[in-house]
Amino acid sequence: MKLVLASQNQGKLREMQTILEDLGVEVVLQSQLGLALEVEETGTTFAENSLLKARAVMEASGLPAIADDSGLCVDWLNGAPGVYSARYGGVGSDEERYRLLLENLRGATNRAAHFHTAIVCCFPNGDVLQADGDCYGTVAYAPAGEGGFGYDPVFFVPELRRTFAQLTPEEKNAVSHRGKALRDFAVKLEEYMKEKGIHGTDK
Ligand code: IMP
1 MKLVLASQNQ GKLREMQTIL EDLGVEVVLQ SQLGLALEVE ETGTTFAENS LLKARAVMEA
61 SGLPAIADDS GLCVDWLNGA PGVYSARYGG VGSDEERYRL LLENLRGATN RAAHFHTAIV
121 CCFPNGDVLQ ADGDCYGTVA YAPAGEGGFG YDPVFFVPEL RRTFAQLTPE EKNAVSHRGK
181 ALRDFAVKLE EYMKEKGIHG TDK
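Mapping of the sequence shown onto this note's numbering: residues 1 to 203, in sequence order.
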């Protein structure tokens with residue numbers, strides 16, 4: 001079975017392909033099918049945005065399509081930046097965004113935060129699968145670490161006593177929102193394929 005990933009991101013393709021390989025599922029980027037469509041993320045939840053993207057690509061390609069949406073939710077800021085994580089404050093770089101976050105938490109008495117990922121897969125027959133993952137931690141007082149992207153330098157994982165940016169990719173994948181959502185999705189897709197009698201090698 002072929003799944004189209006509603007994204008331009010090679011990194012996401014690799015992650016998705018690695019975890020779904022065992023099911024015999026082939027994941028391709030929408031661009032590999034010549035689909036240039038850019039879906040606006042107008043939803044107010046991660047799941048809504050994922051559904052918007054997956055549905056649009058499924059309709060355009062006629063193939064099952066998968067999309068994910070993630071972000072950082074900070075308790076003190078009532079869940080912000082949340083679905084607006086990529087464009088928080090309208091500033092241009094990852095560093096400017098996490099510096100703005102630190103600024104907005106100045107004097108905060110609670111620094112609890114979590115990352116969330118929602119993955120949605122839409123099938124041409126109308127079926128929809130959804131999988132989610134969370135990673136709970138706190139917003140550090142200052143950035144630490146060189147790895148990762150986005151808010152990684154300021155997201156502190158208490159059990160590991162390090163920020164996401166201080167973890168190896170394997171360590172991050174084991175505890176991250178995206179890693180958990182992907183593994184949850186693989187389980188749900190396998191169950192769905194069994195239920196429908198679909199084999200990985202089926203077209
Ligand atoms: P996306 O939906 O995966 O593209 O994520 C949207 C935004 O959320 C990114 O641009 C980042 O700012 C933030 N984000 C999502 N996942 C992570 C992560 O694992 N580390 C740091 N920032 C993340």
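Built from N, CA and C at the ideal position, the CB exists for glycine as well. Treat the numbers as computed from the prediction; the structure is a model and nothing was measured.
Taking C-beta to C-beta, are residue i and residue j nearer than 9 Å?
i: Leu131; j: Leu182; result: Rather than Leu, the amino acid found at residue 131 in this sequence is Ala. Yes.
i: Val83; j: Gly43; result: yes
i: His114; j: His199; result: no
i: Gly147; j: Pro169; result: yes
i: Val27; j: Val4; result: yes
i: Ser85; j: Arg97; result: yes
i: Pro143; j: Glu103; result: no
i: Trp76; j: Ala108; result: yes
i: Leu63; j: Lys2; result: yes
i: Leu23; j: Ser61; result: no
i: Val135; j: Val175; result: Sequence check: residue 135 is Cys here, not Val. Yes, they are a contact pair.
i: Gly145; j: Thr163; result: yes
Can you tell me the Cα-Cα spacing of residue i and residue j, whole angstroms?
i: His116; j: Leu13; result: 19 Å
i: Ala186; j: Leu29; result: 18 Å
i: Val139; j: Leu101; result: 9 Å
i: Leu167; j: Asp152; result: 9 Å
i: Phe149; j: Ala65; result: 25 Å
i: Gly79; j: Lys188; result: 28 Å
i: Leu33; j: Ala6; result: 11 Å
i: Val25; j: Glu15; result: 13 Å
i: Phe156; j: Arg106; result: 16 Å
So what does DSSP say about residue i, is it helix, strand or coil?
i: Asp202; result: coil
i: Pro158; result: coil
i: Ser93; result: coil
i: Gly71; result: strand
i: Tyr151; result: coil
i: Leu77; result: helix
i: Ala144; result: coil
i: Gly137; result: strand
For the putative contact between residue i and residue j, defined by C-beta atoms under 8 Å, what is the C-beta separation to the nearest angstrom?
i: Leu51; j: Val120; result: 5 Å
i: Arg58; j: Cys122; result: Looking at the sequence itself, residue 58 is Met, so the reference to Arg does not match. About 4 Å separates the two Cβ atoms, so the contact holds.
Is it buried or exposed, residue i, if we count other Cβ atoms within 10 angstroms and call 16 or more buried?
i: Ala56; result: buried
i: Val128; result: exposed
i: Arg141; result: One detail in the question is off: residue 141 reads as Tyr in this sequence, not Arg. Label assigned to Tyr141: exposed.
i: Val91; result: exposed
i: Val69; result: It is Asp, not Val, that sits at residue 69 in the sequence shown. Asp69 should be labelled buried.
i: Ala210; result: Because residue 210 is not part of the residues shown, which for the chain are 1 to 203, the question remains open.
i: Pro158; result: exposed
i: Lys53; result: buried
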